[in-house]
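>
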Amino acid sequence: MYINRHHSPKPKKGGTVSSILYRLPKPEEAVFISRPNRFLMNALTGSGEQVKVHVPDPGRLKELLFSGNRVLILPVPEDSSSARKTNWTLAGAMGEKEWVLVNTALHSRIAEKLFRSKFSPFQVSKLRREVKAPSGRSRFDFLLDRRWVEVKGCTLRAGKRALFPDAPTSRGRKHLEELTEMAADNIQTAVVFLVFAGDVKSFSPNRATDPKFASALEKAIEAGVVVKAVNLSFNGREVKWKGRLPVILNP
2 MYINRHHSPK PKKGGTVSSI LYRLPKPEEA VFISRPNRFL MNALTGSGEQ VKVHVPDPGR
62 LKELLFSGNR VLILPVPEDS SSARKTNWTL AGAMGEKEWV LVNTALHSRI AEKLFRSKFS
122 PFQVSKLRRE VKAPSGRSRF DFLLDRRWVE VKGCTLRAGK RALFPDAPTS RGRKHLEELT
182 EMAADNIQTA VVFLVFAGDV KSFSPNRATD PKFASALEKA IEAGVVVKAV NLSFNGREVK
242 WKGRLPVILN P
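With this note's numbering applied, the sequence shown closes on residue 252, and no number is skipped along the way.
So this is what it looks like as structure tokens:
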């Protein structure tokens, strides 16, 4: 069993630590109706209008996108591409007790704020985004000094445990395999899971859904890839730091 435990930063005596990492534009609340395909859903706005909404998360999200559930949608800026087929983008959905961010397009922005904050799991003096790996096969989300970092968003939970992925992901597995190869060549690498799953206590790979990903994660850790899981909350507008989660491979 691999368990990775970390302590969260604490405020200095007499002071406070702002936990806000990212703030969204004010979304509109709506009701989920249906999801014709992975990237499109229908919703009913508060004014009674049925609208088409872009879903930027290709995961199954069955525990969040079901008939009658409350969702948060953002209007598409007027200067966006005219090729878009929708005027709205999904931002979040109501989980068991709180809003869950389900917009993967925001993960990179949130991660950058995290890495530049006092909550960063790494010491960072230089940050670059979307950098091609030495092999040239893949682009990874960040290069933090000399460490190559891939970021994944996690919304699925089972009890008090966050699980990733919620659907088989060959792309995610390939990222892990390439990071593993790099680590074997003594290149610093890491995977950071941004967890939006409520009051969970730990993180694990979803072996039942994607055993190949779980196996790849084990091999990555054995090769020296650093794996971090951070617990974040979303109140509908703000993304806040909650703490770091232990990574448990075989619960």
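Glycine included, every Cβ here is placed at the ideal spot set by N, Cα and C. Please read these numbers as outputs of a predicted model, since none were measured by experiment.
#1: Using a Cβ-Cβ cutoff of less than 7 angstroms, which residues in the same chain neighbour Pro26 once the five nearest sequence positions on both sides are dropped?
#2: Given a cut-off of 8 angstroms, decide if Leu180 and Val231 are closer than it, judged by their beta-carbon atoms.
#3: Does the distance from the C-beta atom of Gly199 to that of Arg158 stay below 8 angstroms?
#4: Select from Leu164, Arg148, Lys127 the residue whose C-alpha is nearest the C-alpha of Pro252.
#5: Please work out which residues of its chain come closer than 6 angstroms, Cβ to Cβ, to Lys161, disregarding the five sequence neighbours upstream and downstream, and give them in chain order.
#6: Can you grab the Cα-Cα spacing for the pair Ile188 / Ser20, in whole Å?
#7: Going by C-alpha distance, which of Lys213, Val193, Pro135 is nearest Ala168?
#8: So what does DSSP say about Ser68, is it helix, strand or coil?
#9: State the CB to CB distance for the pair Phe197 and Val101, rounded to an integer number of angstroms; the pair is presumed to be in contact (CB under 8 angstroms).
#10: Quick one: does the C-beta of Pro169 sit closer than 7 angstroms to a heavy atom of the ligand FAD?
#11: By Cβ distance, which residues of its chain are closer than 8 angstroms to Ala134, with the 5 residues on each side in sequence left out?
#12: Taking all protein chains shown into account, do 16 or more other C-beta atoms lie within 10 angstroms of the C-beta of Asp58, making it buried, or fewer, making it exposed?
#13: Is Phe235 helix, strand or coil by DSSP?
#14: When you compare only the Cα positions, how much space is there between Phe67 and Ser35?
#15: With a threshold of 6 angstroms on Cβ separation, who are the neighbours of Tyr1 within its own chain once the five nearest residues in sequence on each side are excluded?
#16: Three-state secondary structure (DSSP) at Asp186?
#17: Bridge partners for Val240 per DSSP, in chain order?
Looking at the atomic coordinates:
#1: Cβ neighbours of Pro26 beyond the five flanking positions: Leu75.
#2: Not a contact, by the Cβ cut-off of 8 angstroms.
#3: Against a cut-off of 8 angstroms, the Cβ pair of Arg158 and Gly199 comes out as a contact.
#4: Nearest option by C-alpha distance: Leu164.
#5: Hits under 6 angstroms: Val201, Lys202.
#6: Counting only the Cα atoms, Ser20 lies some 31 angstroms from Ile188.
#7: Ala168 has its Cα closest to that of Lys213, out of Lys213, Val193, Pro135.
#8: In the structure shown, Ser68 sits in coil (DSSP, three-state: anything other than H, G, I, E or B).
#9: About 5 angstroms separates the beta carbon of Phe197 from that of Val101, a gap short enough to meet the 8 angstroms contact definition.
#10: By its list of ligands, the structure shown contains no ligand whatsoever, and the ligand FAD lies outside what it can speak to.
#11: So the list reads Arg140, Phe141, Trp149, Glu179, Met183, once near-sequence residues are dropped.
#12: Buried: at least 16 other Cβ atoms inside 10 Å.
#13: It is a strand residue.
#14: Going by the C-alpha atoms only, they are around 7 angstroms apart.
#15: An answer regarding residue 1 cannot be provided, because it is not within the stretch 2 to 252 covered by the chain.
#16: Residue state, collapsed to three classes: coil.
#17: Beta-bridge partners of Val240 (DSSP): Tyr23, Phe235.
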